[in-house]
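*Asks:*
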Amino acid sequence: MTGSARAPLVSVLMPVRDALPYLDQALASLLGQTFRDFELLLYDDGSRDGSRARLEACAARDPRVRLVCGEPRGLSPWLRRGVREARGDFVARMDADDVAHPERLERQLAFLEAHPGCVALGSEVLLVDPQGRPIRRGGVPLVHAEIESALLRGRGEALPHPTAVFRRDALRRAGSYRADCATAQDLDLYLRLAEVGRLANLPDVLLEWRQHLGKTSARRSGEQRRSAQAILREAWRRRGLAPREEELPPALPDAVAPRDHFRQWAEWAIGGRELATARVHARAVLRAEPLAWRSWQLYLRALAGLPAEPLRRARRALKGLREAA
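What follows is the structure, encoded as structure tokens:
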């Protein structure tokens, strides 16, 4: 329990599973917030890498922290429990591998108090690689119509989950997290929340969103995409829209090779003009596929800072000129 009987304004939910390399930085970024009237609910999901000891030390140091340890259950059951146990009027999310900017909660609470119709608020993010090198901004939509449109195309990242702050009563009205939703639980929740209120994002970067090979989107990409497809069919039906299979996001393989993640990070970093980061990951791709022309092409583009799209447009224009001739 916290040291005070008075309920805090915000409850922050952070399930943790084997996050030791990033955990200290994530916890410090939360406990150092300029807004301090919050409780931090930590749920250890059967960690085996020493994370539990760090969480216990954190709970012993700060009376705002409550820790529950259990056997591995997955993210959704812990989040559902967190919503039940939250004492704050607002419920915030945070992942154990990300870094919140100091003013994150203060900025988000000010917006929510000024906009009572908003039931879920995220923010712009800076994507970073496993070592914290910048990749690019997320480019999130800002207003409800744009966010919901992106969600209905399967883009759960349209409101980055680790930046989300919800009104607790709206979460409960929408049915909270579904315990049986093992992946894409943010997409499912947002589409239901959009039916009870407005969604929004702040335009400023308030969180560093870490990309690494241990993320669910990296380890269980195929399962996550299949879950998203089922969630979209349900959401379309609830809205009276005829499901159109051709508009579903395409299937993904169950396992994506590390080099493909490195390639994606390099492409994103080139587009974001973070060329030092792009070169790191382009070199990793080159080491994995040294005989592939596309590996050398990516590396040369990282050196020169050339995004792929202008090159594609130039090739299409050249092809059009050849066909016209």
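If you count by my numbering, then the sequence shown holds residues 1 to 325, one letter each, in order. Every residue, glycine too, gets a C-beta built ideally from N, C-alpha and C.
I'd like to know if the stretch 183 to 194 and the stretch 226 to 242 are in contact, where contact means that at least 3 CB-CB pairs between them fall below 8 Å.
*Replies:* The stretch 183 to 194, when compared against the stretch 226 to 242, does touch it at the 8 Å Cβ threshold.
*Asks:* Alpha carbon to alpha carbon, how far is E106 from I135?
*Replies:* Distance between the alpha carbons of E106 and I135 is about 26 Å.
*Asks:* Counting pairs of beta carbons, one from the stretch 36 to 55 and one from the stretch 138 to 155, are three or more of them closer than 8 Å?
*Replies:* No: the two stretches stay apart, fewer than three of their Cβ pairs being nearer than 8 Å.
*Asks:* Whose C-beta lies closer than 7 Å to the C-beta of A170 among residues of the same chain, with five residues either side of it excluded?
*Replies:* These residues qualify, in order along the chain: V119, L193, V196 and G197.
*Asks:* Report yes if the CB atom of D49 is closer than 8 Å to the CB atom of D18, and no otherwise.
*Replies:* A contact, by the Cβ cut-off of 8 Å.
*Asks:* Here's the rule I'm using: 16 or more other beta-carbon atoms within 10 Å means buried, otherwise exposed. How should R6 be labelled?
*Replies:* R6 comes out exposed.
*Asks:* Less than 8 Å separating the beta-carbons of F90 and R168?
*Replies:* Closer than 8 Å, so yes.
*Asks:* Going by DSSP in three states, L41 sits in which element: helix, strand or coil?
*Replies:* Reduced to three states, the DSSP call for L41 is strand.
*Asks:* Taking the alpha-carbon positions, what's the L30 to L206 distance?
*Replies:* For L30 and L206, the distance between alpha carbons rounds to 12 Å.
*Asks:* With distance defined between alpha-carbon atoms, name the residue in D260, P102, E208 and D180 nearest to Y22.
*Replies:* Nearest of D260, P102, E208 and D180 to Y22, Cα basis: E208.
*Asks:* Would you call M1 buried or exposed, if buried means 16 or more other Cβ atoms sit within 10 Å of its Cβ?
*Replies:* Only weak support is given to the placement of M1: the predicted model assigns it a pLDDT of 40, under 50, and the value that follows is read from those uncertain coordinates. By the neighbour-count rule (16 or more Cβ atoms within 10 Å), M1 is not buried but exposed.
*Asks:* Under a Cβ-count criterion, where at least 16 other Cβ atoms within 10 Å of its own Cβ denotes burial, should D95 be classed as buried or exposed?
*Replies:* Counting Cβ neighbours within 10 Å, D95 comes out buried, since at least 16 surround it.
*Asks:* Pull up the distance between the alpha-carbon of V68 and that of R239, whole angstroms please.
*Replies:* Distance between the alpha carbons of V68 and R239: 38 Å.
*Asks:* On the CB-based measure, 16 or more other CB atoms within 10 Å of its CB, does D129 come out buried or exposed?
*Replies:* By the 10 Å Cβ count, D129 comes out buried.
*Asks:* For L13 versus C58, is the C-beta distance shorter than 8 Å?
*Replies:* Their beta carbons are not under 8 Å apart, which means L13 does not touch C58 by this criterion.
*Asks:* Between which residues of its own chain and R84 is the CB-CB distance below 6 Å, once the five residues before and five after are set aside?
*Replies:* Excluding sequence neighbours, R84 sits near nothing in its chain.
*Asks:* Which term fits A164, buried or exposed, when burial requires 16 or more other beta carbons within 10 angstroms of its beta carbon?
*Replies:* A164 should be labelled buried.
*Asks:* Thinking just about the alpha-carbon of each residue, which of R104, L303, L9 and E71 is nearest to the one in N201?
*Replies:* The shortest Cα separation from N201 among R104, L303, L9 and E71 belongs to R104.
*Asks:* Using only the alpha-carbon positions, how far apart do S11 and A278 sit?
*Replies:* Distance between the alpha carbons of S11 and A278 is about 37 Å.
*Asks:* Leaving out five residues on either side along the sequence, give the residues of the same chain with a beta carbon under 7 Å from the beta carbon of G127.
*Replies:* According to the sequence as given, residue 127 is Leu; it is not Gly. Correct list, in chain order: I135, R136, G138, W209, Q211 and W268.
*Asks:* What is the DSSP secondary structure of S11, counted as helix, strand or coil?
*Replies:* Note: S11 maps to strand in three-state DSSP.
*Asks:* Give me, in chain order, the residues of the same chain whose beta-carbon lies closer than 7 Å to that of R87; leave out the 5 immediate sequence neighbours on both sides.
*Replies:* Closer than 7 Å at Cβ, skipping near neighbours: A7, P8, S11 and E39.
*Asks:* State the start and end residues of the unbroken alpha helix (DSSP H) segment that holds C58.
*Replies:* Taken as a continuous stretch (DSSP letters only), the alpha helix (DSSP H) holding C58 covers S51 to R61.
*Asks:* Round the Cβ separation of R93 and P203 to the nearest angstrom and send it over; I've been treating them as touching at under 8 Å.
*Replies:* About 19 Å; that fails the 8 Å criterion.
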